[in-house]
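In my numbering, the protein residues as written are 48 to 299. One structure is given below, encoded as structure tokens.
Here it is as structure tokens:
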């Protein structure tokens, strides 16, 4: 998401941290029909059900029973709204524990983030660049850094370790969601789809032309009965990633 103006960015910071600001004196006029928290909660439900592309201020207003222009008096743009949604979701997820080993804690960080993406697929459609840290995301970042605080590494390495975990989880979550979406859209299981495609490929690919692809692809296909296995790849990849980080995080 990109803030369209500097003023939008300033407004976003104020809205994200509205719980920490000094309460404003009550304003004269009609009582507010909705609150920012109600807007964010309903927007998350809407995005969970229909996807981020379906989330518009007009659609949200209809869900809340108010006019679209009413919402702009609380939140200036859709981008600002999405940023508020991202921070809110982070507040609903478990925080990592620093009482276990670093390796176990980092594994927990990865699993929690993946579960968050699978529960709220629209998070992957929210542009992560320049996302302003709100209280929930900053609290999570602080807890994640506490996991790494005992290590004799640079602060830059600490940040890179967490960024690496996020990149790995993000890619795997996209695959997992794509697998589910393919079945939903096509109305076929992976096995049914392959029954259609396999004979067509056999007819056009010369025998013995791609021996390694045939051997490895057959082994993977027989095991997974699908083009891939995102859950299994996640477990495998997480072990490999943490093994690779052992020089920095140790093996305890």
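Where a beta carbon is used, it is the ideal one built from N, C-alpha and C, also for glycine.
With contacts defined by Cβ atoms closer than 8 Å, residue 65 and residue 87 do not form a contacting pair. Remark: C-beta atoms of residue 163 and residue 140 approach each other more closely than 8 Å. Out of 195, 290, 216, the CA that lies nearest to the CA of residue 170 is found in 216. DSSP places residue 176 in no alpha helix (DSSP H); its state is neither H nor E.
Residues of the same chain with a CB within less than 7 Å of the CB of residue 58, apart from the 5 flanking positions on each side, are 123, 127 in chain order. Distance between residue 204 and residue 132, taken at the CA atoms: about 29 Å. When only Cα atoms are considered, residue 181 and residue 106 end up about 25 Å apart. A distance below 8 Å separates the beta carbons of residue 130 and residue 179.
In terms of Cα proximity to residue 202, the closest of 118, 247, 295 is 295.
For residue 298, there is no enclosing alpha helix (DSSP H), as DSSP marks it with neither H nor E.
The straight-line gap separating the alpha-carbon atoms of residue 222 and residue 108 is approximately 33 Å. In this model, residue 280 and residue 111 are separated by some 41 Å (Cα to Cα). Put simply, the segment 151-158 touches the segment 275-292. At least three CB pairs are less than 8 Å apart. It is roughly 36 Å from the alpha-carbon of residue 100 to the alpha-carbon of residue 194.
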